[in-house]
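According to mature numbering (1 follows the signal peptide of the UniProt record, and there is no 0), the residues represented by the sequence shown are -20 to -1, 1 to 755, in order.
The structure appears below as structure tokens.
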Amino acid sequence: MSPWALACFLLLCGPAAVRMIGAAGLAGALPRNTVPCNDDSITLFRVDGVWNYSSMLLREDLGLLLLGAREAVYGLDLRNISRKTAEVQWAVTQDKQAECTDKGKTLMDCWNYIRILHVLKDGRMYVCGTNAFSPTCGYMTYEGGRLSLLSTMEDGKGICPYDPYQRYSSLMVDGALYSATTLNFLGSEPLLLRSLTTALRTEFQAMWLNEPQFVSMVEVPESVGNVEGDDDKVYLFFSEIAVEYDFSSKLAVSRVARVCKKDKGGQRILQKKWTSFLKARLDCPVLESSLPFLVQDVFLWRASDWRNSVFYAVFTPQSASVDLSAVCAYSVTAVGDVFSKGKFKTPVTVETSHTKWVMYSGELPVPRPGACIDNTAKQMGIMTTLDLPDKVLQFVQTQPLMDPAVEPLSGRPLLVKRGAAFTRIVVDRVTALDGQNYTVMFVGTDNGFVQKAVNYDGEMVIIEEMQLFHQPVPIEILRLSVATGQLYAGSSHGAAQVSLSVCGRYRSCLDCVLARDPYCAWNLAEGRCTALPHLQSLQTRNLIQSVKDADASTCPIPETMEPENMTFTTGMSIKLPCQQGSKRAAVHWLKDDQPLNPSDEDYVHEDSLLILRTSAATAGRYECRSVESAKGRKYTATVAVYKLLLNETVNEGKDVKPLPPQPKPRTTGHDLLPLQVPLVALAVTLAVLLAWNLYRGHLCLPGCRRTQESAGSPSSPGQTNPEAAEVSEITLLPNRNINNNHFSVTFAGGMDTTASPRDKRCSVPLQYIDDESEI
Ligand SMILES: *[C@@H]1O[C@H](CO)[C@@H](O)[C@H](O)[C@H]1NC(C)=O
Ligand SMILES: *[C@@H]1O[C@H](CO)[C@@H](O)[C@H](O)[C@H]1NC(C)=O
Ligand SMILES: *[C@@H]1O[C@H](CO)[C@@H](O)[C@H](O)[C@H]1NC(C)=O
Ligand SMILES: *[C@@H]1O[C@H](CO)[C@@H](O)[C@H](O)[C@H]1NC(C)=O
Ligand SMILES: *[C@@H]1O[C@H](CO)[C@@H](O)[C@H](O)[C@H]1NC(C)=O
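Here's what the structure looks like:
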């Protein structure tokens, strides 16, 4: 048996573990719409020459977003992050940088990467940077609209990573700083440390932490309303090399660990170490017979009662051959139960020096190892962890691993998606028109997108994907502000802000309802898609929303659309835009109410009809329809109507024949028919063509100078067809139609099937806001 197969056997192939993703799970995982990076709803912040915008602190109290980048911290307007209100530089000294490169690090590693930003009780902020592999922390104030860094600096070892590429996590709770990183330059001493109060840390032992990748830390106020007198907990999510499997190669697993907030360490054993550090495997079963997926980020959705809170985690595979990512959700109580009720694992030595981890089924010492000091302990006279018996401490010191794994809610992932790997997640809860609360997940990917997804009773719907960064850079940080209704993201190239929902983007009732966006409803009175009012009011009678059933049958029948009048001349190319609100909709074109059979002269592009060569027969009424299926119902809508009129005056008396055929996009057997055309006709056509081109100035006879500057790319090697150089303008008659499809009427001759202007703008390097000029 190969090692991989063995791992599969050990981890996943138990009898209760028939793990399959339902076909529906993957099928639904196609975003209905893509919001391009130049959309109005996306605001960017970036300073020239500054990189790595990967730490954030939301100060809703100050209306400020603090953004940590390389060698700088920025204070940005929370409502519009393109407005920089303050900044502070924190550059590494030349000596430090030289010292760092002398130790064999690259210059790239030897900058000061701001990694930690927290707010202290007194309103000051705690900020740490890697400082050329010499982690350093300091205090920062925001007064009178100015950010300043106090001159007293502290050693940041154990708080902030040395290596800017290393994963880490930190959390400030009640003035105590919890940090998960490494203590030494080499990165060989990983730890979970509490500092700024009584310092506590983990043991440097493989059974505590074994080459961990720290991901996230979360506090859960479990003492609130707790009859057992339990303590608040800090949960740490990470992945590490498993110790519990017989496995010749290194096998990584996802973990959740937790400590009690009131832990004070042991008296003799575990002195100044955690007495409550327990960990368990975190399971997110994605595929049969694959290596365990690894946790990349965790977000705690907080319910008013902590017992109903839910952890949402994103996972990616550990083997590069799989391109699936997943979201799994875990109830806080299910995680807590594994630690408070689950069995432990214990190492046993088999044969010579070989250690095997098995379930511990012996007697547990009391109080239960790793438990917080609760009422039961207090009744035994154990008031703090310093009073814990040695036997209890010895037990947790040598076996902090739980036997059961933490299983996701409903036993399987909420979302599995192929494509760009998931990197970060934040979650919002929305009350929809049906009175139900739905969880909306915003998932960042490693190519600069955020997927907005909702699970409706097991049906996964990706409402839209938003391209936050033009460059395909990983989203490295995501923050959500319910107060501003905005999402904030950071990457190596900049920071971005986007609204949680932009209902106005849904143009029709059908679009609004079929999007199944719980934030939005079609407002009958106003005739537009509007944000759902926060409080359920009587006005809801005028609203249409159907998130669970996607039932748009109550949508009013739209008025017949006024056609867009266009005149054209023969021999030109025309593009008729028909932008679909949904990528799930099929596009149908009608000409004069008959289904249009795409011929060689015209063909349907994703969001437009391309007529490559107009002739007199081109004139007519063109209608673009979208057909979208949702929950077994089919909805047809007219998206755009055009009326093409031949401009007779231009062609009068010239009797223009169509230009010679271009390389055809598709060929059929019927193409052989022209052989029957009399040769005379061909000769006439050629003569007319020559005359036509001379007339238009496309062909140059000796002594004629070409005057048309706009003639495309004059010496483009691919363009041998003279027609390709023709640029014909189509004029659009002004009209008041609100349909936004009519933003572009192009067009030029030739094969230039350029994308719509919107895509075009997005594909050129972004014009970032140059904030220096703004201040
Ligand atoms: C943000 O501010 C900039 C400059 O002040 C402005 O151009 C832009 O329209 C604003 N964006 C939003 C979404 O308000
Ligand atoms: C910082 O940004 C640069 C430019 O994108 C990137 O090449 C580098 O990997 C980033 N460094 C870290 C530590 O993320
Ligand atoms: C939805 O959430 C609100 C508060 O966020 C709560 O008052 C309400 O009871 C919840 N509704 C349901 C159906 O759970
Ligand atoms: C288009 O032309 C028709 C007549 O052919 C006219 O009735 C209609 O109002 C025009 N539409 C617009 C939008 O100008
Ligand atoms: C037809 O073309 C001529 C010449 O280009 C132009 O002057 C005229 O305005 C056009 N007519 C219409 C109805 O567009």
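Backbone N, C-alpha and C fix where the C-beta goes; we use that ideal spot for every residue, glycine too.
All of these numbers come straight from a predicted model, not from anything done at the bench.
For residue i, the nearest candidate out of the options (CA to CA)
{"i": "Asn435", "options": "Arg392, Thr547, Leu460 and Gly470", "result": "Arg392"}
{"i": "Val462", "options": "Ala293, Arg59 and Cys117", "result": "Arg59"}
{"i": "Thr378", "options": "Phe429, Phe324, Met421 and Arg398", "result": "Phe324"}
{"i": "Thr161", "options": "Val207, Phe217, Ala412 and Gly103", "result": "Phe217"}
{"i": "Val338", "options": "Val223, Cys352 and Asp135", "result": "Val223"}
{"i": "Arg409", "options": "Arg282, Gln477 and Gln298", "result": "Arg282"}
{"i": "Gln69", "options": "Ile554, Arg147 and Asn111", "result": "Asn111"}
{"i": "Cys352", "options": "Leu366, Glu169 and Thr411", "result": "Leu366"}
{"i": "Pro297", "options": "Ala232, Ala357, Met382 and Tyr468", "result": "Ala232"}
{"i": "Ser196", "options": "Glu183, Gly209 and Ser219", "result": "Ser219"}
{"i": "Ala357", "options": "His473, Glu208 and Val302", "result": "Glu208"}
{"i": "Thr121", "options": "Trp91, Asp82, Arg39 and Lys555", "result": "Arg39"}
{"i": "Met421", "options": "Pro498, Pro380 and Asp354", "result": "Pro498"}
{"i": "Cys140", "options": "Met88, Glu123 and Phe194", "result": "Phe194"}
{"i": "Ala597", "options": "Val584, Leu626 and Cys604", "result": "Leu626"}
{"i": "Phe319", "options": "Cys240, Gln251, Met105 and Gly399", "result": "Cys240"}
{"i": "Trp31", "options": "Gln559, Lys555, Ser159 and Pro144", "result": "Pro144"}
Beta carbon proximity, residue i to chain B, threshold 8 Å
{"i": "Ala596", "result": "Among the protein chains of the structure shown there is no chain B, as only one such chain exists."}
Own chain partners of residue i with C-beta closer than 7 Å, once the 5 adjacent residues on each side are dropped
{"i": "Ser743", "result": "Because the pLDDT at Ser743 is just 39, under 50, the model does not fix this residue reliably, and the value given afterwards should be weighed accordingly. Counting only Cβ-Cβ distances below 7 Å, and skipping sequence neighbours, we find nothing."}
{"i": "Leu576", "result": "Trp569 and Leu570"}
{"i": "Pro170", "result": "Thr162, Leu189 and Pro192"}
{"i": "Leu413", "result": "Ala501, Leu512, Thr520, Leu523 and Gln525"}
{"i": "Gln77", "result": "Cys90 and Ala112"}
{"i": "Ala71", "result": "Glu51 and Asn92"}
Beta-carbon contacts of residue i that lie in its chain and below 6 Å, excluding the five residues immediately before and after
{"i": "Lys528", "result": "Tyr436"}
{"i": "Tyr54", "result": "Leu47, Lys64 and Glu67"}
{"i": "Pro349", "result": "Val372, Phe375 and Val376"}
{"i": "Arg126", "result": "Ala66"}
{"i": "Met360", "result": "none"}
{"i": "Asp491", "result": "Gly561"}
{"i": "Val478", "result": "Ser21, Ile22, Met446 and Leu467"}
Buried versus exposed, by CB contacts within 10 Å (16 or more), residue i
{"i": "Ala401", "result": "buried"}
{"i": "Gly150", "result": "Just to set this straight, residue 150 is Ser in the shown sequence, not Gly. Under this definition Ser150 is a buried residue."}
{"i": "His334", "result": "exposed"}
{"i": "Ala501", "result": "buried"}
{"i": "Ile94", "result": "buried"}
{"i": "Ser390", "result": "exposed"}
{"i": "Leu271", "result": "buried"}
{"i": "Val312", "result": "buried"}
{"i": "Gln466", "result": "buried"}
{"i": "Leu130", "result": "exposed"}
{"i": "Val607", "result": "exposed"}
{"i": "Thr425", "result": "buried"}
{"i": "Met88", "result": "exposed"}
{"i": "Gln431", "result": "buried"}
{"i": "Leu166", "result": "exposed"}
{"i": "Ala385", "result": "buried"}
{"i": "Gln559", "result": "buried"}
Proximity of residue i and residue j at Cβ, strictly below 8 Å
{"i": "Lys230", "j": "Asp211", "result": "no"}
{"i": "Ile442", "j": "Pro11", "result": "yes"}
{"i": "Gln447", "j": "Gly470", "result": "no"}
{"i": "Val493", "j": "Ala532", "result": "yes"}
{"i": "Thr116", "j": "Gly138", "result": "no"}
{"i": "Ala530", "j": "Ala433", "result": "no"}
{"i": "Arg181", "j": "Leu189", "result": "no"}
{"i": "Asp317", "j": "Val294", "result": "no"}
{"i": "Ala306", "j": "Val396", "result": "yes"}
{"i": "Lys253", "j": "Arg235", "result": "no"}
{"i": "Phe449", "j": "Gly484", "result": "no"}
{"i": "Phe291", "j": "Val315", "result": "yes"}
{"i": "Thr132", "j": "Gly118", "result": "yes"}
Any non-hydrogen atom of ligand 7 within 7 Å of residue i CB
{"i": "Thr419", "result": "No copy of ligand 7 appears in this structure; the ligands present are ligand 1, ligand 2, ligand 3, ligand 4 and ligand 5."}
Residues of its chain near residue i, where Cβ-Cβ distance is below 8 Å and the 5 sequence neighbours each way are ignored
{"i": "residue 780", "result": "The shown model of the chain, from -20 to 755, leaves out residue 780, and the question about it has no answer."}
{"i": "Lys563", "result": "Leu10, Pro11, Arg12, Asn13 and Thr14"}
Contact set, ligand 1 heavy atom to C-beta under 6 Å: Thr23, Asn60, Ser62 and Arg63
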